[in-house]
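There are 2 protein chains.
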Amino acid sequence: MLEGMARAVPETHGEILAAAARRFAVTGYKGTSLQDIARAVGCSKATVLYHFANKEALLSELMAPAIAVLEALDARLAGTTGAAAQEIAAEGFVDLAVRFRRQIALLRGEFPDLLQQPAFAHIQQISERLVAAFAGNSDRPSARIAALVVLAGIAETCAEFIDIPDDELRPALLAVVRRALEPVT
Amino acid sequence: MLEGMARAVPETHGEILAAAARRFAVTGYKGTSLQDIARAVGCSKATVLYHFANKEALLSELMAPAIAVLEALDARLAGTTGAAAQEIAAEGFVDLAVRFRRQIALLRGEFPDLLQQPAFAHIQQISERLVAAFAGNSDRPSARIAALVVLAGIAETCAEFIDIPDDELRPALLAVVRRALEPVT
DNA sequence: AATCCGTCTGACCGATCGGTCAGGTCCTGA
DNA sequence: TCAGGACCTGACCGATCGGTCAGACGGATT
Chain A
705 MLEGMARAVP ETHGEILAAA ARRFAVTGYK GTSLQDIARA VGCSKATVLY
755 HFANKEALLS ELMAPAIAVL EALDARLAGT TGAAAQEIAA EGFVDLAVRF
805 RRQIALLRGE FPDLLQQPAF AHIQQISERL VAAFAGNSDR PSARIAALVV
855 LAGIAETCAE FIDIPDDELR PALLAVVRRA LEPVT
Chain B
705 MLEGMARAVP ETHGEILAAA ARRFAVTGYK GTSLQDIARA VGCSKATVLY
755 HFANKEALLS ELMAPAIAVL EALDARLAGT TGAAAQEIAA EGFVDLAVRF
805 RRQIALLRGE FPDLLQQPAF AHIQQISERL VAAFAGNSDR PSARIAALVV
855 LAGIAETCAE FIDIPDDELR PALLAVVRRA LEPVT
């Protein structure tokens, strides 16, 4: 069986995942071919497809931890309203965006397309609830516009500053978000 | 010569341009094929390439007016600093983004890629100066982060709200931008 | 020695991409 | 009547895409 020392098994699976994360973050999901990833790893494209059923499976495995944190944030948001919802959304989403900068970068501009795939269908509803929370559950168009500005601004800014340390990015983002959001009346 | 009534010349050129604008705004530049555009117009792909040298020429002609306005804003920004630069950048960019929502939508996520092409090379420098103006020409990282948040947030929000009337979107955006920007010391 | 299995690969597939080209149609001016 | 040019098209091109498949290789089990 599996007794004895850990077999010197090649960790190709993890290497492919890491290389895909790096390439996706630079050239996006659609803009990165399986050939690109294979070249970065140093194996053939067929090897990539041996370890992952298809390109989308590669994306799913890469996004899974970020999605789990997003769902946890959505759960904490349930039942909150007004300023409390704004505060939870601000702290929670800024933290998420900073920690998963690479994952956010890879779906730049492809967010609407990728949401079509059934594997990410529920993300759309979560992001709608997140916008509502940023707006303090207000129906005023100006509140929703401000919410979308900060949501999109955080995501894009995190994707842009990939080298800055977390402890520098997080407080600056939190400060601008708290300033930008429309106070609930 | 060209005397007499305007010849009933088919305005295919304009129709292609309009259809391309619509398709690009929905599926992006890379995500829209010349076949898609031809189908939307009701002509062949070869006809599209008869009226436009190549796909990039179609994009250039579509972006030209927006780029002209952006360059005018950049010119107005020259020589300004501090709060004055912030105010000019805010009003100018919000107005630009609202007016050219469709053009902004079409380069969602493809902005970095498209900037590589020599035709749009100088746009990168302009956007850097725009970020600096939003930051009130401050070197503080938090000011630059706030500037990028509002810049990206405005662009993405405009691309998202394509149906809202200009007069509703513009003041709401201006309000959130003025709130969000870090005041110059 | 024979077998099995995890790992990996080159060759190949159909589809689609942006782009080219020869030629057809139709109007106009000489 | 004829030549010419603007307009348009189907057929085709090479490249690249995601994905499939039969089989090669090597170490462990029997």
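Each protein sequence line maps, in turn, to chains A and B. The opening residue of the first sequence carries number 705 in this note's numbering; numbering runs sequentially from there. The opening residue of the second sequence carries number 705 in this note's numbering; numbering runs sequentially from there. Note that the Cβ used here is the ideal one computed from N, Cα and C, for glycine as well. Source: prediction; values computed, not measured.
Cβ atoms of residue j and residue i: under 8 Å apart, would you say?
i: V802/B; j: D740/B; result: no
i: L766/B; j: L721/B; result: yes
i: V798/B; j: R848/B; result: no
i: E760/A; j: Q821/A; result: yes
i: L781/B; j: A789/B; result: yes
i: A837/B; j: I866/B; result: no
i: A884/B; j: V835/B; result: no
i: S846/A; j: A879/B; result: yes
i: E719/B; j: V745/B; result: yes
i: I858/B; j: V888/B; result: no
i: L810/B; j: A729/B; result: yes
i: A723/B; j: A856/A; result: no
i: G783/B; j: R812/A; result: no
i: E775/B; j: I830/B; result: yes
Specify, as a first and last residue, the run of the alpha helix (DSSP H) that residue i falls within.
i: L873/A; result: D870 to A884
i: E814/A; result: Run containing E814/A: none; DSSP gives neither H nor E here.
i: S764/B; result: K759 to L781
i: K749/A; result: K749 to H755
i: S737/A; result: Neither: S737/A is in no alpha helix (DSSP H) and is coded neither H nor E.
i: V888/B; result: Run containing V888/B: none; DSSP gives neither H nor E here.
i: A823/B; result: Run containing A823/B: none; DSSP gives neither H nor E here.
i: G796/A; result: G786 to R803
i: A859/B; result: P845 to E864
Whole angstroms is fine: what's the gap from residue i's alpha carbon to residue j's?
i: L819/B; j: E864/A; result: 15 Å
i: A770/A; j: F756/B; result: 43 Å
i: R711/B; j: V752/B; result: For R711/B, the predicted structure reports a pLDDT of 39, less than 50, and the residue's modelled location is therefore unreliable. The matter cannot be settled from this model.
i: A823/A; j: S842/B; result: 43 Å
i: G787/A; j: L877/A; result: The displayed chain sequence assigns Ala, not Gly, to residue 787/A. Those two C-alpha atoms are separated by around 18 Å.
i: G840/B; j: K734/B; result: 35 Å
i: T861/A; j: F815/A; result: 15 Å
i: A725/B; j: R805/B; result: 11 Å
i: E886/A; j: G732/A; result: 33 Å
i: L738/A; j: S764/A; result: 15 Å
i: E832/B; j: T785/B; result: 14 Å
i: C747/B; j: N758/B; result: 16 Å
i: A825/B; j: R727/B; result: 24 Å
i: V773/A; j: Q828/A; result: 15 Å
i: A742/B; j: H717/B; result: 11 Å
i: M709/B; j: A768/B; result: Confidence at M709/B is low in this model, with a pLDDT of 40, below 50, so the placement of that residue is unreliable and no value is reported for it.
i: T736/B; j: D817/B; result: 15 Å
i: L777/A; j: G796/A; result: 6 Å
i: I868/B; j: Y754/B; result: 35 Å
i: A779/B; j: K749/A; result: 49 Å
i: L762/A; j: R844/A; result: 40 Å
Give, in chain order, every residue of the stretch 837–854 of chain A whose Cβ lies closer than 7 Å to some Cβ of chain B. P845, S846, I849, A850, L852, V853 and V854
Residues in the stretch 866–885 of chain A with C-beta within 9 Å of chain B's C-beta atoms, listed in sequence order? I868, E872, L873, P875, A876, L877, A879, V880, V881, R883, A884 and L885
Would you list, in chain order, the members of the stretch 810–822 of chain B that have their beta-carbon closer than 9 Å to a beta-carbon of chain A? Result list: L811, R812, G813, E814, F815, P816 and D817.
Members of the stretch 731–750 of chain B that neighbour chain A once the beta carbon cut-off is set at 9 Å: T731, G732, K734 and G735
Which of the residues in the stretch 759–778 of chain A, read from start to end, lie with their CB under 7 Å from any CB of chain B? none
Contact set between the stretch 790–801 of chain B and chain A, restricted to residues whose Cβ is under 8 Å from the partner: none
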